[in-house]
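From first to last, the protein sequence lines stand for chains A and B. Going by this note's numbering, the first sequence runs without a break in its numbering and finishes at 449. Going by this note's numbering, the second sequence runs without a break in its numbering and finishes at 449. All C-beta atoms, glycine included, are put in the ideal place defined by N, C-alpha and C.
2 protein chains.
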Amino acid sequence: MSLIVQKFGGTSVGTIEKIQNVAKKVAGFRDQGHDVVVAVSAMSGETNRLIGMANEMQDQPDPREMDVLVSTGEQVTIALLCMALKNIGYDARSYTGGQVSIVTDSSHTKARIQEIDDKKIHDDLDAGRVVVVAGFQGVDESGNITTLGRGGSDTTGVALAAALGADECQIYTDVDGVYTTDPRVVARAQRLEQITFEEMLEMASLGSKVLQIRAVEFAGKYKVPLRVLSTFKEGPGTLITLDEEDSTMEQPVVSGIAFNRDEAKVSVLGVPEAPGVAAQILSAVGDANIEIDVIVQNTSADKKTNDLTFTVNRTELSKAQAIVEKIAADLNAASVDVDDSITKVSVVGVGMRSHAGVASKMFKALADEGINIQMISTSEIKISVIIDERYLELAVRALHTSFGLDKEAEA
Amino acid sequence: MSLIVQKFGGTSVGTIEKIQNVAKKVAGFRDQGHDVVVAVSAMSGETNRLIGMANEMQDQPDPREMDVLVSTGEQVTIALLCMALKNIGYDARSYTGGQVSIVTDSSHTKARIQEIDDKKIHDDLDAGRVVVVAGFQGVDESGNITTLGRGGSDTTGVALAAALGADECQIYTDVDGVYTTDPRVVARAQRLEQITFEEMLEMASLGSKVLQIRAVEFAGKYKVPLRVLSTFKEGPGTLITLDEEDSTMEQPVVSGIAFNRDEAKVSVLGVPEAPGVAAQILSAVGDANIEIDVIVQNTSADKKTNDLTFTVNRTELSKAQAIVEKIAADLNAASVDVDDSITKVSVVGVGMRSHAGVASKMFKALADEGINIQMISTSEIKISVIIDERYLELAVRALHTSFGLDKEAEA
Chain A
39 MSLIVQKFGG TSVGTIEKIQ NVAKKVAGFR DQGHDVVVAV SAMSGETNRL
89 IGMANEMQDQ PDPREMDVLV STGEQVTIAL LCMALKNIGY DARSYTGGQV
139 SIVTDSSHTK ARIQEIDDKK IHDDLDAGRV VVVAGFQGVD ESGNITTLGR
189 GGSDTTGVAL AAALGADECQ IYTDVDGVYT TDPRVVARAQ RLEQITFEEM
239 LEMASLGSKV LQIRAVEFAG KYKVPLRVLS TFKEGPGTLI TLDEEDSTME
289 QPVVSGIAFN RDEAKVSVLG VPEAPGVAAQ ILSAVGDANI EIDVIVQNTS
339 ADKKTNDLTF TVNRTELSKA QAIVEKIAAD LNAASVDVDD SITKVSVVGV
389 GMRSHAGVAS KMFKALADEG INIQMISTSE IKISVIIDER YLELAVRALH
439 TSFGLDKEAE A
Chain B
39 MSLIVQKFGG TSVGTIEKIQ NVAKKVAGFR DQGHDVVVAV SAMSGETNRL
89 IGMANEMQDQ PDPREMDVLV STGEQVTIAL LCMALKNIGY DARSYTGGQV
139 SIVTDSSHTK ARIQEIDDKK IHDDLDAGRV VVVAGFQGVD ESGNITTLGR
189 GGSDTTGVAL AAALGADECQ IYTDVDGVYT TDPRVVARAQ RLEQITFEEM
239 LEMASLGSKV LQIRAVEFAG KYKVPLRVLS TFKEGPGTLI TLDEEDSTME
289 QPVVSGIAFN RDEAKVSVLG VPEAPGVAAQ ILSAVGDANI EIDVIVQNTS
339 ADKKTNDLTF TVNRTELSKA QAIVEKIAAD LNAASVDVDD SITKVSVVGV
389 GMRSHAGVAS KMFKALADEG INIQMISTSE IKISVIIDER YLELAVRALH
439 TSFGLDKEAE A
């Protein structure tokens with residue numbers, strides 16, 4: 039007998055019937071003798087419906103009131119799921135974030151969990167109940183309702199698992215695991231049996247949107263075994279594990295190919311060389327709350343000036359451009375170029391730590407397809423390149439094959 | 039400058055536009071320098087939508103989870119109303135029942151308010167904010183969400199007014215006050231400038247569904263001046279006042295004519311005379327949670343047996359009949375008759391305390407129209423008769439005219 043925390047997202051609880059199916063799934067684990075704590079999202083579409091009303095009401099909806107409003111979405115789900123469980127003979131009790139309580143800071147709409155009081159939950163588990171907790175929400179020290187930001191239900195699940203010392207945190211979603219790359223791009227993509235937290239972080243932040251990145255960080259930090267699996271299809275899913283030294287040997291060099299279609303590039307050319315110039319440009323962009331991803335700086339051909347290039351989310355390109363053009367003028371830079379038809383492709387794998395030659399293999403595979411690399415960025419376990427977005431699918435397929443990830447190659 | 043508690047029901051906050059209108063109305067009172075606390079219901083239709091989902095999920099939805107579910111309805115409204123107020127430049131803050139906190143007993147779906155902590159509200163009022171509180175809901179001592187039962191938002195408004203020592207509690211609704219009778223039955227019905235709590239109780243319980251009866255009781259008990267007025271139409275509404283001795287002289291003898299179409303009659307004929315027999319029959323009905331309204335007992339013609347007749351809500355007639363038939367057999371009663379084509383008509387007025395002859399005037403007015411009286415029940419300030427439902431409109435019009443309540447007669 040073990041303690042399992044299960045998280046079901048909006049599409050898993052999107053209708054009365056789907057909630058009834060979740061109840062059956064939970065009941066199956068109870069029948070096996072496990073204690074079960076469930077964290078749920080709002081029924082799919084509900085959060086958007088609520089946000090839509092808020093936007094009609096106020097141009098910039100008040101963040102505190104926004105949290106009061108949208109937190110009702112999960113509150114509906116927890117009550118309905120408990121009813122569904124009771125209807126098939128399983129005792130259950132629901133808790134809002136405030137009732138647990140899940141204490142957060144006061145950053146409305148993007149709060150961070152500080153503490154979870156697990157007493158009520160343990161009492162209920164001891165009494166043989168399934169405990170159903172509203173995901174995505176908490177309460178600050180003054181009792182104000184807070185939310186963790188979009189997708190925060192994953193974080194709630196992991197935080198509960200950590201606080202309760204759960205044996206496993208299962209994240210149910212509409213895909214049956216983490217894949218070597220997006221199966222819509224590469225038909226031969228295959229489900230990974232397991233992946234390390236670090237790899238998952240790189241995969242998630244690079245656009246494989248299976249899990250919320252904060253949830254993965256949280257799980258890694260508190261060493262909560264995390265499993266991604268499908269609500270609608272039986273199967274073991276993908277286990278996200280700690281990267282233990284002695285298991286590294288068996289790791290494949292590269293676990294997956296990630297990509298992100300949402301990037302855009304800003305280049306400041308001919309920046310006179312002087313200390314702190316790059317920081318000046320980048321911090322102005324950061325101050326405007328624009329997230330910067332890849333940054334590359336090179337001395338330009340004349341060796342007296344620098345070329346600085348970075349990428350931002352496409353939706354923030356025009357904002358970033360305006361800021362940079364102003365600073366570039368102050369700095370007497372030669373010009374500012376922007377390009378929103380780029381994409382980022384990355385190979386990810388803890389195995390590359392101990393294997394040389396991943397970069398050259400990657401660059402060769404791209405070169406063989408005639409794909410020009412605009413920028414390169416590397417970390418310990420990933421290598422990313424920025425290329426023309428027209429070559430995205432071609433690049434991903436070539437890399438997937440090149441690193442031996444195709445399904446048939448392993449069969 | 040005074041402190042006003044305003045309660046807006048579901049039809050008053052049924053759409054985005056209506057909530058914006060409520061915000062404007064509240065703002066008007068703020069502009070006059072008043073402190074305003076607002077209690078709101080769920081948007082019309084929302085509570086039924088939520089209950090509908092619960093009924094799909096569980097045959098007899100769990101009461102605790104039902105409260106978690108339906109309390110989201112008001113939570114949505116408080117957030118939206120605060121956004122609407124902020125959008126037109128008025129600071130506002132929302133509170134759920136649990137946040138205020140409004141402490142109730144643990145009777146889920148029909149909880150009673152025990153205590154209100156007014157500290158947060160006073161702090162917000164001092165800071166110049168409008169305080170918006172979710173009606174209908176509270177929290178028990180263990181932190182479980184409770185609801186006050188259908189229509190409980192009125193009670194929340196009155197309880198807040200009592201706790202805060204408000205100068206007036208305004209109940210906004212879709213009618214512009216309390217009328218001498220239902221204007222749909224008597225075109226000449228007129229709005230009352232004021233009415234006493236006692237009269238209002240009799241009017242409300244007899245079917246003039248303007249205010250929830252518990253709210254009126256509460257207001258009377260805590261001497262909260264209550265005003266019923268329209269959300270959609272300007273006007274002073276009807277003030278519900280204490281029945282002070284020295285104002286009684288100016289009271290009309292009869293304030294209004296109430297009626298209730300939902301009653302049905304159960305008669306147990308030929309019950310052998312013995313102590314406790316009536317109690318035995320009535321307590322069996324009461325034990326089944328069936329509310330009994332009018333009760334009449336008479337010795338039958340043979341003087342050896344009694345005839346007992348009482349009325350219940352029509353929806354519970356068949357249940358009551360089954361119970362009574364069983365007991366009647368045990369008691370060797372002659373027969374059980376039921377009749378669901380009856381109606382109750384009442385004249386109500388504190389003035390009748392000091393005026394004889396109201397009953398005879400009433401019975402004469404009905405006799406003049408050839409209406410047979412089946413049962414009679416009286417209290418200090420009301421006289422009710424049970425008649426054939428075919429004569430309802432005729433009876434109400436005749437009494438309205440007879441007691442000088444017609445609009446033109448006073449003009």
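Can you tell me whether residue i is helix, strand or coil according to DSSP?
| i | result |
| --- | --- |
| B/P101 | helix |
| B/I419 | coil |
| A/M39 | coil |
| A/N298 | strand |
| A/L369 | coil |
| A/V386 | strand |
| A/R525 | No information on residue 525 of chain A is available, as it lies outside the stretch 39 to 449 that chain A covers here. |
| B/S132 | strand |
| A/V214 | The residue asked about is misnamed: residue 214 of chain A is Asp in this sequence, not Val. Three-state result, A/D214: coil. |
Excluding sequence positions up to five away, which residues of its chain have a Cβ less than 7 angstroms from the Cβ of residue i?
| i | result |
| --- | --- |
| B/V224 | V434, R435, H438 |
| B/Y128 | A65, R68, V168 |
| B/I419 | E236, E237, E240, V386, G387, V388, M390, R391 |
| A/Q318 | I365 |
| A/K261 | L280 |
Expressed to the nearest angstrom, what Euclidean distance is found between the alpha-carbon atoms of residue i and residue j?
| i | j | result |
| --- | --- | --- |
| A/E237 | A/G195 | 20 angstroms |
| B/S180 | B/I151 | 14 angstroms |
| B/A257 | B/T337 | 41 angstroms |
| A/K158 | B/A227 | 56 angstroms |
| B/N351 | B/S321 | 16 angstroms |
| B/T49 | B/S82 | 5 angstroms |
| A/A405 | A/D331 | 24 angstroms |
| A/T85 | A/Q137 | 21 angstroms |
| A/F270 | A/I295 | 25 angstroms |
| A/V177 | A/D143 | 8 angstroms |
| A/S145 | A/D100 | 12 angstroms |
| A/G275 | A/Q175 | 26 angstroms |
Among the residues of its own chain, which have a CB less than 8 angstroms from the CB of residue i, if the five just before and after it don't count?
| i | result |
| --- | --- |
| A/Q359 | V304, V374, V376 |
| A/I380 | E301, A302, K303, T349, Q412, I424, I425, D426, E427 |
| B/D284 | Its pLDDT being 47, under 50, B/D284 is placed unreliably by the model, and nothing is read from it. |
| A/A130 | L119, C120, L123, K124, R167, V168, V169, V170 |
| B/T286 | Bear in mind that a pLDDT of 47 at B/T286, under 50, signals an unreliable position, so the number given afterwards is only what the model happens to contain. The answer, listed in chain order, is V388, G389, R391, S392. |
| A/V213 | V248, V266, S268 |
Answer yes or no: do residue i and residue j have a C-beta to C-beta separation smaller than 8 angstroms?
| i | j | result |
| --- | --- | --- |
| B/A80 | B/E112 | yes |
| B/E301 | B/K382 | yes |
| A/V309 | A/T353 | no |
| A/T193 | A/G47 | no |
| B/V76 | B/L119 | yes |
| A/V396 | A/V362 | no |
| B/I409 | B/L432 | yes |
| B/M95 | B/T147 | no |
| A/V266 | A/G215 | yes |
| A/R514 | A/N182 | In the structure as shown, chain A starts at 39 and stops at 449, and residue 514 of chain A therefore has no counterpart that could be examined. |
Leaving out five residues on either side along the sequence, give the residues of the same chain with a beta carbon under 6 angstroms from the beta carbon of residue i.
| i | result |
| --- | --- |
| A/D73 | L41, L163 |
| A/T134 | Q113, A172 |
| A/A122 | I57, Q58, A61 |
| A/S440 | A403 |
| A/I333 | F348 |
So which residues on chain B does residue i lean against when the C-beta distance must stay under 8 angstroms?
| i | result |
| --- | --- |
| A/I54 | M91, E94, M95 |
| A/D100 | C120, M121, K124 |
Applying a beta-carbon distance threshold of less than 7 angstroms, which residues of chain A neighbour residue i?
| i | result |
| --- | --- |
| B/Q175 | By Cβ distance, chain A contributes nothing, its closest Cβ being about 12 angstroms from B/Q175, past 7 angstroms. |
| B/E103 | A117, C120, M121, S132 |
| B/T110 | T110, Q113, V114 |
| B/G181 | Q137 |
Given that residue i touches chain A, what residues does it touch there, using C-beta distances under 8 angstroms?
| i | result |
| --- | --- |
| B/N125 | M95, Q96, D97 |
| B/L88 | V114 |
Using a Cβ cut-off of 7 angstroms, pull out every chain B residue sitting near residue i, in sequence order please.
| i | result |
| --- | --- |
| A/R106 | Looking at the sequence itself, residue 106 of chain A is Val, so the reference to Arg does not match. In chain order: Q113, I116, A117, S132. |
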